[in-house]
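Right, one structure below, let's go through it.
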């Protein structure tokens, strides 16, 4: 069975909403701490949106409010046309969550983890028996179906959580750091399956600390920090808006007469953001040690959120 | 109030039953061995100095007490220590609430499962007690089981209310010291409540366990039962269950969604 068939077997949603998620002036206070300070967000159907920000920026809280798992202090958020804090079961059944923690059921096997969740999603026994092997296959876990969850590698646990999140064939999948801590092979595998889901017109909302992941998967990026949106747009738009297109990293000591309008000091070297890299390189002495690359999302991220460490 | 006995509640029950099935034999073995040890010690120990109590052999007197105690202990353990592990350590409840399950369904499923564990436990006591010759009215002993189920729901709900307020494992030492142990000592498991001084008797009748034993002991020993008194005891258990469940739900709602 191909990946295509697995996802296509669902009936289409009864109502087509213009926006899958609409948040207005959303805030959340935990005691004295302002976790979210006013977020407006509209996410159209079938898009993959990346929520990027340093630790403690308010990403997870925002996602939990969208799922109705945390009650907002003020503001409103509607999901699939329903108010998030009062989602009816039929709407909740259309949302799948990949949480940040691996909260798989350690008392159950790989297959049982999916079967149990299928029942939570209201699937009938026949549907569960059909769907669980498909999902195990989709996530390449068929060989481990009977294994206890605790024996799985980190990558396998993550794959199982993703399989669990889509057991109810959701229209909206929310992923909180789906690949954190995984080796490159496991990340590539998860990316591939996320792209399969995306091609099925599912709406994806994900957080990540990996800028390459965000650039690869997301149509739009929402950069948040201190509970507020700093900027949003496609990765290209953000790069164009906030940094010059070319980056030259030069080891210190710096040669003289460089165009130092946009720089970042990294300690033993300096990042130079320029429009025309060729011209700058031609003007440097031959012995200068440097590297040249196009600007990327990480440059934007660090420019907007600063370089100081976030201990959290 | 939404319907709480639906297939989602049952799905939660099933999840717990699945994990129990893996350890079924060791669990059943201890459920059988525990009353055996108690009956052996108290039957031969105290039984040799006490001829009869309330007109029956001491063995026949303590079997229903042990049934009540084992149901109470199993149901309480399940919704305190075990449930807290699912709630705080394994984050199983977090995962469950990210599905379409509601908190009320999750808690009802936990409650039903805990009551079933109580039933498994006290049924083993009934079996052992009957084989030992300590159940004068076997029919009465079987009729006691539905009452025990109701009471197990009550103990489970009280345990859940405690878990809803627990901030660490240490909290449960209070539950066992100030709730489980008093019910073991003062609710008539081993002695008639009437033998205690009056101020202790007041404490006894505050504990739901005393009301349970008051109903099931006459059943299992074939003693006289007044219908109005039985209804009164059962009503008390039902009301306490509803109160404890509401408290647990209210508190956990704030803890998990705020």
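Residue numbers (my numbering), protein chains in the order written: chain Y, 753 to 1064; chain U, 25 to 282. Positions of the beta carbon are idealized from the N, C-alpha and C atoms, including for glycine.
Taking 9 Å as the threshold, the shortest C-beta distance from residue 845(Y) to chain U falls below it. Not a single C-beta of chain U is nearer than 9 Å to the C-beta of residue 903(Y).
In this structure, the CA atom of residue 211(U) is about 54 Å from the CA atom of residue 924(Y). Taking 9 Å as the threshold, the shortest C-beta distance from residue 280(U) to chain Y falls below it. When rounded, the separation of the alpha-carbon atoms in residue 175(U) and residue 912(Y) is 39 Å. When only Cα atoms are considered, residue 128(U) and residue 1019(Y) end up about 56 Å apart. A direct Cα-to-Cα measurement between residue 863(Y) and residue 832(Y) gives close to 30 Å. The C-alpha of residue 826(Y) lies about 12 Å from the C-alpha of residue 786(Y). Contacts with chain U (Cβ-Cβ distance below 7 Å) from the region 950 to 965 of chain Y involve no residue at all. Residue pairing of residue 776(Y) in beta bridges, as defined by DSSP: 828(Y). For residue 65(U), the enclosing alpha helix (DSSP H) starts and ends at 48 to 68.
Taken atom to atom, the span from the alpha-carbon of residue 811(Y) to that of residue 274(U) is near 27 Å. The C-beta of residue 891(Y) comes no closer than 9 Å to any C-beta of chain U. Taking the beta carbon of residue 841(Y) as reference, the chain U residues within 7 Å of it are 124, listed in sequence order. What residue 32(U) touches in chain Y, judged by beta-carbon distance under 9 Å, is 841, 871, 872 and 874, going in chain order. Distances from the alpha-carbon of residue 909(Y) to those of 919(Y), 772(Y) and 896(Y) put 896(Y) closest. When C-beta distances to chain Y are compared with 7 Å, the residues of the region 108 to 140 of chain U below that value are 114, 115, 116, 118, 119, 120, 121, 122, 123, 124 and 125, in chain order. When secondary structure is reduced to three states using DSSP, residue 811(Y) falls in the helix class. For residue 882(Y), the enclosing alpha helix (DSSP H) covers residues 877 to 890.
Contact annotation: in the region 34 to 49 of chain U, residues whose CB is within less than 7 Å of a CB in chain Y are 35, 38, 39, 42 and 43.
In the pairwise beta carbon analysis, the region 843 to 851 of chain Y is classified as touching the region 110 to 129 of chain U: at least three pairs are separated by under 8 Å.
Under DSSP, residue 1022(Y) forms a beta bridge with 1002(Y) and 1017(Y). The three-state secondary structure of residue 191(U), taken from DSSP, is coil. Following the DSSP letters along the chain, one finds residue 936(Y) inside the alpha helix (DSSP H) bounded by residues 936 to 951. Short of 7 Å from the beta carbon of residue 93(U), and not among the five residues preceding or following it, lie these beta carbons of its own chain, in chain order: 208 and 213.
Counting only Cβ-Cβ distances below 7 Å, residue 822(Y) has contacts in chain U at 281, in chain order. With at least 16 other beta carbons inside 10 angstroms of its own, residue 821(Y) counts as buried. Interface annotation, residue 920(Y): in contact with chain U, CB-CB separation under 9 Å. Counting the other CB atoms within 10 Å of its CB gives residue 47(U) a total below 16, which places it among the exposed residues. Here DSSP, grouped into helix, strand and coil, assigns residue 77(U) to strand.
Annotated three-state conformation of residue 919(Y) is coil, per DSSP.
Here DSSP, grouped into helix, strand and coil, assigns residue 851(Y) to coil. Nearest to residue 235(U) by alpha-carbon distance, out of 281(U), 81(U), 168(U) and 223(U), is 168(U). Non-local beta-carbon contacts of residue 245(U) in its own chain, meaning distances under 6 Å to residues more than five positions away in sequence, involve 80, 84 and 160 in chain order.
At a cut-off of 9 Å between beta-carbon atoms, residue 881(Y) makes no contact with chain U.
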